[in-house]
Amino acid sequence: MKVLDGLYYSKEHEWVKITGNKAYVGITDYAQESLGEIVFVELPEIASQLNVGDVLGVVESVKAASDVYSPIAGTVIEVNEALDDDPALLNEDPYVNWIAVLEFADDSILDELMDASGYEAYCSKEE
Amino acid sequence: MIQKEKALIFEISRPGRFACSLPECDVPQKDLSELIPGELLRDSPPDLPEVSEVDLVRHYTRLSQRNYGVDAGFYPLGSCTMKYNPKVNEDMACLSGFANVHPYQDEKAVQGCLELLWKTDRLLSEITGMERFTFQPAAGAHGEMTGLMIIKAWHESRGDHARTKIIIPDSAHGTNPASAAIAGFNVVEVKSDENGLVNLHELEKAIDGETAGLMLTNPNTLGLFEKHIPEIARMIHEAGGLLYYDGANMNAIMGVSRPGDMGFDVIHLNLHKTFSTPHGGGGPGAGPVGVVKELVPFLPAPTVEYDGQRYYADYTRPLSIGRVRSFHGNFTVVVKAYAYILTMGAKGLRQVSETAVLNANYVLAKLRDLYHLPYDRHCMHEVVFSAENQKKQGVSALDIAKRLLDYGFHPPTIYFPLIVKEALMIEPTETESKETLDSFIKAMEDISGEAKQDPELVKGAPYSTVVSRLDEAMAARKPKVRYMPMSE
Amino acid sequence: MQRYIPNTGEQQEEMLRDIGVSSIEELFADIPESIRLKRDLDLPEALSEMELVRHLKELSGRNASTDEYACFLGAGAYDHYIPSVIQHLVRRQEFYTAYTPYQPEISQGTLQAIFEYQTMICSLTGMDVSNASMYDGATAVAEAAAMACRSTGRAGIIVAKTVHPQSCEVLRTYSRYTGRSITEWDHKDGRLDLAGLERLLSDDTAAVIVQSPNFFGLIEDLGNLSDMVHENGSLLIVSCNPISLAMLKPPGDLGADIAVGEGQPLGNPLSFGGPYLGFMAAKEKFMRKMPGRIVGETRDRQGRRGYVLTIQTREQHIRREKATSNICSNHSLNALAAAMYLSALGKSGLEKVAALCCRKARYTYDELLKTGAFSPAFTGPFFNEFAVRYHGDIDRLNEKLLEHRIIGGYPLERDYPELKGVWLVAVTEKQTRKEIDDFVERAGSL
Chain A
1 MKVLDGLYYS
11 KEHEWVKITG
21 NKAYVGITDY
31 AQESLGEIVF
41 VELPEIASQL
51 NVGDVLGVVE
61 SVKAASDVYS
71 PIAGTVIEVN
81 EALDDDPALL
91 NEDPYVNWIA
101 VLEFADDSIL
111 DELMDASGYE
121 AYCSKEE
Chain B
1 MIQKEKALIF
11 EISRPGRFAC
21 SLPECDVPQK
31 DLSELIPGEL
41 LRDSPPDLPE
51 VSEVDLVRHY
61 TRLSQRNYGV
71 DAGFYPLGSC
81 TMKYNPKVNE
91 DMACLSGFAN
101 VHPYQDEKAV
111 QGCLELLWKT
121 DRLLSEITGM
131 ERFTFQPAAG
141 AHGEMTGLMI
151 IKAWHESRGD
161 HARTKIIIPD
171 SAHGTNPASA
181 AIAGFNVVEV
191 KSDENGLVNL
201 HELEKAIDGE
211 TAGLMLTNPN
221 TLGLFEKHIP
231 EIARMIHEAG
241 GLLYYDGANM
251 NAIMGVSRPG
261 DMGFDVIHLN
271 LHKTFSTPHG
281 GGGPGAGPVG
291 VVKELVPFLP
301 APTVEYDGQR
311 YYADYTRPLS
321 IGRVRSFHGN
331 FTVVVKAYAY
341 ILTMGAKGLR
351 QVSETAVLNA
361 NYVLAKLRDL
371 YHLPYDRHCM
381 HEVVFSAENQ
391 KKQGVSALDI
401 AKRLLDYGFH
411 PPTIYFPLIV
421 KEALMIEPTE
431 TESKETLDSF
441 IKAMEDISGE
451 AKQDPELVKG
461 APYSTVVSRL
471 DEAMAARKPK
481 VRYMPMSE
Chain C
1 MQRYIPNTGE
11 QQEEMLRDIG
21 VSSIEELFAD
31 IPESIRLKRD
41 LDLPEALSEM
51 ELVRHLKELS
61 GRNASTDEYA
71 CFLGAGAYDH
81 YIPSVIQHLV
91 RRQEFYTAYT
101 PYQPEISQGT
111 LQAIFEYQTM
121 ICSLTGMDVS
131 NASMYDGATA
141 VAEAAAMACR
151 STGRAGIIVA
161 KTVHPQSCEV
171 LRTYSRYTGR
181 SITEWDHKDG
191 RLDLAGLERL
201 LSDDTAAVIV
211 QSPNFFGLIE
221 DLGNLSDMVH
231 ENGSLLIVSC
241 NPISLAMLKP
251 PGDLGADIAV
261 GEGQPLGNPL
271 SFGGPYLGFM
281 AAKEKFMRKM
291 PGRIVGETRD
301 RQGRRGYVLT
311 IQTREQHIRR
321 EKATSNICSN
331 HSLNALAAAM
341 YLSALGKSGL
351 EKVAALCCRK
361 ARYTYDELLK
371 TGAFSPAFTG
381 PFFNEFAVRY
391 HGDIDRLNEK
401 LLEHRIIGGY
411 PLERDYPELK
421 GVWLVAVTEK
431 QTRKEIDDFV
441 ERAGSL
């Protein structure tokens, strides 16, 4: 299982990368692996306002559908349309292939997310 | 043997062919544009196949040979009760006086149809301990929706608008929560206990003033009888809720115990499971809903009534939830179920359940040493194993299911109920002989051996079918859901 | 022993020994005494096959069958001729004794047939994607409304009063507890009142539902309806008679987003109301919002073409309470019959059937008016069904016709109190000129 340093991780297996006031959000390697072959990604609407824990999108395999929860509050400013054509990108590299970019005002929630080592420990307990 | 692909009917189509013969027009042949303004007519005819009658017969005969039905062999699909579908019942449903009757005909001209519905209502009410049935629901899930709406309407008729929650065990069929959502309920899931039954402590915690009712399958989807049902019924009723019985597993208890006597208030039956009507490759089924006396006013209108002389449809039902389907539902499916009940009689139906339970326990006893049995006790009409042992060799429930195809059997239900990992849910039904069960058991033993010695063999199965494992991810990623000629 | 239960007493004993119990009774030990049935079920004595057949023939003989009666009744279910070949094929045990195709390797017959069915429904309706069937036309309308609400995030449905009354009733029941509001859209001389729609549309309108030919038999001129609906951000749902689509402009060309309808006319007998099938097709962008099963094409490990149930994450067994619908069993065998019917008739045959219906209906209409006992109820073109006003008591008229082995039309007053005396008459390719003339003569002279 791959975990990258420098990202924030949620208990629902999403990652967040912060660049200025933009947050890139995606799902972790653990998440893509437990879902199996990903066949469809439902992306959020541009300009939609999300609170922490709101459903940002849905990632689907043949036999499962998993909601992606927003780990941070903000406005969706960009979505990864490449996933529309090729959802398998999430299997290939879930860290390069983010799902959406949110513009945020308040980053205090980041304190509640895990860092790479914390997330690794969390996943080993989940198994 | 390498099987060839089967051509689509569009690919064997040739311009100018047809497979029908129609009479000449015997009324004035007015030009159609005289009858209907040109702007309402379509520009070109729909692109339908053009085949001769021989082409048609061969095409569908060959397609049918790429299918497997109960008539071909053992079909132990758990929770689906794939029993034999008696032939005479098919003939009865095709009688012209049933098959060629228009639903809007005057009541005088459909007394036989109405009498059959009324009598089947009486028979099912006796079998289940209910007061009245409606035949509008077309399938089990449709029955669930209907029954849950009746529960909602009952609460509301008493001015109780706080009842927003339906309690459903984690072992329930997926249709249960989906139906609850359509009936406007929120779902509260309760966990099963270590014996595979509803956890009474969890249930107690889940019950509150917002509880509208509980949905339960009994025996449950693990094939186990919820023996605390009298206690469960008391708890729900005391809290002001009602009990819904998912009749998917009714085949286990006919003549032994009745949902009405267990404390259930609303029930649906799957005529295409318990009452032997065929499933048609995915339907039509029929999901009649029965209720206790207090809930009769809420049944969908119209109901079929009898005043001692004539049978009639009663539309004046002010408390009814309304219509859930056109006309009287899947009438000719009800004909088949009626014929089945009359053929079996009281003793026959009890024997059905006894034998169904015996057959399931026989499979349990014979396979328990090779396959992990998560809940180790006698089962009712179906037994749930887990492929956990085989998984250690990398062989999953799916692989075992696919390998069974090579042995000539339809596989059990797999990966359900969700609370058992690698679940293999086997429901033999009463219409299978010991000889059939023995050959299935032998196949399961052989596959367990193969899983140890040559797991790759099992993982590559099936080898003998017209196609090998199909790429479901490919189908879902770029859905191709209709034929498009190359040029498009 | 019983003919559907093969185990002998001896085998039963053997099995009990292997299980390790002494009686079947022991296997039921989990069922508490207090809820046991301590008597036999009170059911009639079991019948032999001969007795059963006699009984059911007697019951069925008490119904008027369209084999023996000339049927001029439609109103949503139509008495078409079903070619002999269909019953032979649809009653093949490999089709009708199979379950839902969960194991695609041994269900290619059902799966390919449904894939072909979906293709034919798309051709008929001018749509991109069809599901594998719904229970009937009425539930298809209700499911289409739910689908529109999901797609738009709105909760208002406007339904034309000329949509089949039972479809409207089912739509209302399905919407009862889901927060959807249903608004009726009145007609003008039996057809859509496009000007009247403006007042009803709001920013909460998810969809507008119309039917053509409508319940009065009239073909609707949808004109710029789809533009009006789409400009409002709503969807257009069109319900239609599939046979009429051999001639009439398909919903897809009229700008509909979802097409639905009662599929019974396609090779399914009247059966006192069921089983029928509902068809549902939509534009591609709504594919993932559709209810019910969908079959898709794929490849096996050797690269051979094959078919599977696909985009299953929409469905109840995966998504549970978040599913697009609770539907599980559909009406697969009826859809199979529909596909066989469409294949048997083919491109030219379906057009011929449609033309026969249309010409015979017009002939009947003209002849009825000539008798002087009837007058037009509405104006406007019709397909196989029309409404006329009778200058007498319709119930008595139908009663008299029945005595002459004729099943008369539908009294519209049952659903539209303002249409007292209006009779809805349907004619298909089955009614001969002689039957029509006889019908007209008797109806005109009562």
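Residue numbers (this note's numbering), protein chains in the order written: chain A, 1 to 127; chain B, 1 to 488; chain C, 1 to 446. Yeah, the Cβ is synthetic: ideal placement off N, Cα and C, and Gly gets one too.
- With the criterion set as a beta carbon lying under 7 Å from some beta carbon of chain B, the members of the segment 33-50 of chain A are E37, V39 and F40, in sequence order.
- Among the bridge pairs identified by DSSP, B/Y306 is matched with B/Y311.
- Note on B/Q29: under 16 other CB atoms within 10 angstroms of its CB, so exposed under the neighbour-count rule.
- Residues are counted here when their Cβ sits less than 7 Å from a Cβ of chain A; for the segment 464-477 of chain B these are E472, A473, A476 and R477, given in chain order.
- With respect to the C-alpha of A/V68, the residue from A/V96, A/L7, A/W15 and A/V62 having the closest C-alpha is A/W15.
- Ranked by Cα distance from C/P411, the first of C/T205, C/T428 and C/F386 is C/F386.
- A/W15 is bridged by DSSP to A/Y9 and A/G26.
- Below the 9 Å Cβ cutoff, chain C contributes T313 and I318 as neighbours of A/A64, in chain order.
- Against chain C, the CB of A/E60 has a partner CB under 8 Å away; the residue lies at that interface.
- DSSP places C/L56 in the uninterrupted alpha helix (DSSP H) bounded by E49 to S60.
- Legend: CB atoms of the segment 346-363 of chain C lying less than 8 Å from CB atoms of chain B belong to residues G346, K347, S348, G349, L350, E351, K352, V353, A355, L356, C358, R359, K360, R362 and Y363.
- Within the segment 322-338 of chain C, the residues whose Cβ lies closer than 8 Å to some Cβ of chain B are K322, A323, S325, N326, I327, C328, S329, N330, H331, S332, L333, N334 and L336, listed in chain order.
- Within the segment 45-70 of chain B, complete beta strand (DSSP E) segments of at least 3 residues are not found at all.
- Under the DSSP definition of a beta bridge, A/E81 lacks any partner.
- The DSSP assignment places 82-85 and 89-92 as complete runs of the alpha helix (DSSP H) inside the segment 37-110 of chain A, in order along the chain (cut-off: 4 residues).
- Contact annotation: B/T277 and B/A337 have beta-carbon atoms nearer than 8 Å.
- Here the segment 349-356 of chain B makes no contact with the segment 72-83 of chain C; the two share fewer than three CB pairs at distances below 8 Å.
- Taking a 10 Å sphere around the C-beta of B/K83, we find 16 or more other C-beta atoms and assign the residue as buried.
- CA-to-CA, the gap between C/F374 and C/V388 works out to about 6 Å.
- Residues of chain B whose Cβ lies closer than 9 Å to the Cβ of C/D30 are, in chain order, P219, L224, F225, E226, K227, R377, H378 and M380.
- B/L269 is positioned such that its CB atom lies no closer than 8 Å to that of C/Q103.
- Along the segment 169-200 of chain B, the positions whose C-beta sits under 7 Å from a C-beta of chain C are G174, T175, P177, A178, S179, A180, A181, I182, A183, G184 and V187, read in chain order.
- The criterion of a C-beta distance shorter than 8 Å is satisfied by C/V90 and C/M340.
- Per DSSP, the unbroken alpha helix (DSSP H) holding C/E367 starts and ends at S332 to K370.
- Chain-order list of chain B residues neighbouring C/G20: A365, by C-beta distance under 8 Å.
- A distance of 8 Å or more separates the beta carbons of C/A64 and C/Q431.
- B/Q136 sits in coil when the DSSP states are folded into three classes, being neither helix nor strand.
- The alpha-carbon separation between B/R62 and C/Q108 amounts to approximately 10 Å.
- With the criterion set as a beta carbon lying under 7 Å from some beta carbon of chain B, the members of the segment 69-87 of chain A are P87, in sequence order.
- For C/Y78 against C/T364, the beta-carbon gap comes to about 14 Å, at or over 8 Å, which does not count as contact.
- Taking one beta carbon from each stretch, the segment 245-265 of chain C and the segment 218-233 of chain C have 3 or more pairs nearer than 8 Å; the two touch.
- Taking a Cβ-Cβ cut-off of 8 Å, the neighbours of C/C71 in chain B comprise H102, given in sequence order.
- Each residue's CA atom was taken as its position, placing B/D246 and B/H279 some 18 Å apart.
- Taking C-beta atoms under 8 Å as the contact rule, C/L368 and C/G444 qualify, at a distance of about 7 Å.
- One thing to note: A/G26 has its Cβ no nearer than 8 Å to the Cβ of A/I72.
- The residue among B/P45, B/Y60 and B/D43 with its C-alpha nearest the C-alpha of B/V51 is B/Y60.
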